[in-house]
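In what follows, a single structure is set out as structure tokens and then discussed.
Residue numbers (our numbering): 16 to 869.
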């Protein structure tokens, strides 16, 4: 019996018994106490609590769920998963135990035809009513087991509806058990498999764990589809069912990891975590560093780490997404509709993580002498690799083993707990009101670094005199370059330092006139009254500023295209992306294309961005746009982009629109009635996005050319593809022009060295770049490379003045001697290939060392 058959039989069975059959609700719940839908009853909590009147008395669903509380057990057992489907029937003040129990028994014995001899029952220790109902169905007394709250009292979370439960177990046979004579459903061995849990909702649990009777009793049952499928399909594990095994086969075919021996657990984990990520992304949750997005990122990175440890180190998991969508094509057609979007999101996360692994490996290799000397990888080093470079501790252990040393896991875990507490406190800042009359002057529009004085220090909501090494808290300065989170723009991060002390700033918030810098003392100590230097992370500020200016350009373009009735509903600006919400009807593909072109034209014209401080009344009269949700003071800041845009804004911006580079819309969707959301990338991320599109078009081009596709249609499509690729090429060239004209080289001795990873660029693109940039500095050396699956391609070029004393061939040889590979070309320009990209940092350092001696 297929899983589709089981799902259909279940829903039809309860439909015939007066239940309203509903489609699965989203994995993203409306309940603020949980991150994901963790059980079938979650969408119905308001009904069980009596806060809302249900439109039906009975319901049945096959609900998608996501749990990570047992993530470490996934793959190790036959039944643990992060993502799963829960078949459930529900009653809202209608029937109770007297019908719920017979409903379940008839379904498993007469519809699924499970042998009664193999079925056993558990009930809550004091639940005599359930016992009598099971006995009335001719269940022998010796097959009914009583248990305590741990196993037979259920709730969907720390607070909310709950109650005693009764479970149906399936006896898989003595071969799966512990062989003890008293083995039963209460045993921890694998012989007895719980297949259905009947929860009798009688109580509500509050924040203090107090139980009160619900005004209306309810029924909430849950039968895991994967589990019952394993029974009906005769499989020893849920992972061998038709819901998961095709994914395992696909991943195995890509990676070469066999589903036996040491390969079983990695393949199970990868297939499980991919399912969870696919469904979460389909419901709008993208990988990120916080909340639900962090869960998705953790699932993908955990799967990729296991792949890496198993010997397969190339991004691949996105290639198995079509297999997942095919398995669920009938029940969840939206997976097929959003397939390309899901693939793009997972591929991007894989590529990002691959870079993190490379960075971590490079740092680890530099620390090898210290590790050998210490005889262990300290908790501090393991945590630094994890926290700063995203390097999994599992890989650190693997690398350490190569040098016959261990890892201080206990020390790592202590630091991890501290970091989690630190982040949690930082995220709770908005709820912690610190009363202060202090005033901070913000000087960050024109300064990335400034001398300052500590006005106040706060810890756990209380003012303190000092913060010492390892302590976290808030520092208030008399002036600061740190932009506080405001207007949809994330805050700056960076460091506050004195002569012997360092404070890492991870979050900045403004409360009244004071700016609070939240973080942790990484060395030394800080006291109120200390003189310090405050310095922001310039790269993060630059990317955030580009994205912020681009939201203004986008807003102006939308108003120009659709009229002034288009108004901003909200925005989010970070160093990763920009989101822009606005009132509008649905956008067509042609609309999206027009918007992209218009925004990029403005960027390419390199308009000047200026800022004026004006009276609010004068600013409004001048035509500056004031946003609906913002409150303004009498004196306001107006950001002008020549004739393009004028808005009231307190955020940070670029000086010229050309600094943005380029703009790419990666997603547009409806988030509410008549409210659209555009999500976009700028700069190098936009370039990479376009290059991936070009790669996809190339692949389609090849398929059409060889598939016997009708000639006229093929020619028409290929012409369109060629035109699109030509436009993408023009965008790429323009981006490279802007980069070349804004070169920032590093001074090494008497030379200026510029090295950069132009990821995704072809050799032709790189040659074009160095031709533009080669003679911008008298003594310029350019080392440009682009990483690929085999290693990296590179171009090394030197200016005319440098060529009189050194050849490009000589410098290229320094690189390839370290990384492996080869090169060839002229004295001024060399092209080559790199074998081991993990050694690139060492190679560049070797090049710098050589230049210092010349």
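Glycine residues also receive a C-beta, built at the ideal position from the N, C-alpha and C atoms.
What residue from 350, 343, 346 and 329 has the CA that sits closest to residue 364's CA?
-> That would be 329, whose Cα lies nearest to the Cα of residue 364.
Residue 400 versus residue 498 - alpha carbon distance = Near 27 angstroms, if we compare the C-alpha coordinates of residue 498 and residue 400.
Residue 57, DSSP secondary structure in three states = DSSP places residue 57 in helix when its eight states are reduced to three.
According to DSSP, is residue 92 helix, strand or coil?
-> Looking at residue 92 - three-state DSSP - the assignment turns out to be coil, as it is neither helix nor strand.
For residue 595 and residue 146, the rounded distance between their alpha carbons = Between the alpha carbons of residue 146 and residue 595 lies a distance of about 58 angstroms.
Nearest residue (CA-CA) to residue 853, options 355, 376, 326 and 359 | The candidate whose alpha carbon is nearest that of residue 853 is 376.
Under 8 angstroms, do residue 845 and residue 827 count as touching if we go by C-beta distance?
-> Yes, they are a contact pair.
Cβ atoms of residue 137 and residue 189: under 8 angstroms apart, would you say?
-> For residue 189 and residue 137, no; Cβs fall outside 8 angstroms.
Whole beta strand (DSSP E) runs in the segment 474 to 536 with 3 or more residues, listed along the chain?
-> Within the segment 474 to 536, the complete beta strand (DSSP E) runs of at least 3 residues are 477 to 479, 481 to 483, 487 to 492, 509 to 512 and 517 to 526.
Helix, strand or coil: which one does DSSP assign to residue 281?
-> Helix at residue 281.
May I ask which residues mark the beginning and end of the beta strand (DSSP E) holding residue 232?
-> Unbroken beta strand (DSSP E) run through residue 232: 226 to 239.
Assumed close pair residue 339, residue 318 - CB separation to whole angstroms, cut-off 8 angstroms | Wrong, their Cβ atoms sit about 13 angstroms apart, outside the cutoff.
The beta strand (DSSP E) enclosing residue 110, as first and last residue numbers = No beta strand (DSSP E) contains residue 110, which DSSP labels as neither H nor E.
Assign residue 418 to buried or exposed, taking buried as 16 or more other Cβ atoms, counted over all protein chains shown, within 10 Å of its Cβ.
-> Classification for residue 418: exposed.
Residues that residue 161 bridges to, as DSSP identifies them = DSSP lists 138 as the bridge partner or partners of residue 161.
Return the CA-CA distance between residue 470 and residue 557, expressed in angstroms with no decimal places.
-> One C-alpha to the other measures close to 28 angstroms.
Please report the Cβ distance between residue 834 and residue 824, rounded to the nearest whole angstrom; I am assuming they are in contact, meaning their Cβ atoms lie under 8 angstroms.
-> Contact flag wrong, Cβ pair sits at about 16 angstroms.
Reference residue 273, options 325, 818, 303 and 366, closest by Cα = Looking at the Cα atoms, 325 is the closest of the given residues.
Per DSSP, what kind of secondary structure is residue 248 in: helix, strand or coil?
-> DSSP places residue 248 in coil when its eight states are reduced to three.
Go ahead and pull the three-state DSSP assignment for residue 439.
-> Confidence in residue 439 is poor, its pLDDT being 45 and thus under 50, which makes the residue's placement too unreliable to answer from.
Buried or exposed (CB count within 10 angstroms, at least 16 for buried), residue 121 = With fewer than 16 other CB atoms across the displayed protein chains lying within 10 angstroms of its CB, residue 121 is exposed.
Quick one: grab the DSSP three-state call for residue 578.
-> Looking at residue 578 - three-state DSSP - the assignment turns out to be coil, as it is neither helix nor strand.
Could you tell me which residues DSSP puts in a beta bridge with residue 3?
-> Since the displayed the chain opens at 16 and closes at 869, residue 3 lies outside it and no answer follows.
For residue 560, the nearest candidate out of 368, 42 and 502 (CA to CA) = Taking only the C-alpha atoms, the option nearest residue 560 is 502.
May I ask you to report which of helix, strand or coil DSSP gives residue 565?
-> It is helical.
So, is residue 301 buried or exposed, given that buried needs 16 or more other C-beta atoms within 10 angstroms?
-> Classification of residue 301: buried, given that the 10 Å Cβ count is 16 or more.
First through last residue of the beta strand (DSSP E) which encompasses residue 593 = Looking at the DSSP string, the run of the beta strand (DSSP E) that includes residue 593 is 593 to 598.
Tell me whether residue 861 sits in a helix, a strand or coil according to DSSP, three-state version.
-> Of the three classes helix, strand and coil, the one that applies to residue 861 here is helix, per DSSP.
Euclidean distance between Cα positions of residue 817 and residue 429 = Using only the alpha carbons, I get a separation of about 52 angstroms.
Local Cβ density within 10 Å of residue 662, reported as buried at 16 or more and exposed below that | Residue 662 is classed as buried because its beta carbon has at least 16 other beta carbons within 10 Å across all chains shown.
Please determine if the segment 773 to 789 and the segment 742 to 760 are in contact, where contact requires at least 3 C-beta pairs separated by less than 8 angstroms.
-> Taking 8 angstroms as the limit for Cβ pairs, the verdict is that the segment 742 to 760 does touch the segment 773 to 789.
Could you pull out every residue in the same chain whose Cβ sits closer than 8 angstroms to the Cβ of residue 336, ignoring the five residues on either side in sequence?
-> So the qualifying residues of the chain are 289, 293, 354, 357, 358 and 361.
In or out: residue 838 buried (at least 16 other Cβ within 10 Å) or exposed?
-> Burial call: buried.
Looking at the structure shown, is residue 881 part of a helix, part of a strand, or coil, going by DSSP?
-> Nothing can be reported for residue 881, as the shown portion of the chain is limited to 16 through 869.
Which term fits residue 515, buried or exposed, when burial requires 16 or more other beta carbons within 10 angstroms of its beta carbon?
-> Burial is judged here by how many other beta carbons sit within 10 angstroms of a residue's own beta carbon; residue 515 has fewer than 16 and is exposed.
Hey, how far is the Cα of residue 287 from the Cα of residue 229?
-> Rounded to whole angstroms, the separation of the alpha carbons of residue 229 and residue 287 is 36 angstroms.
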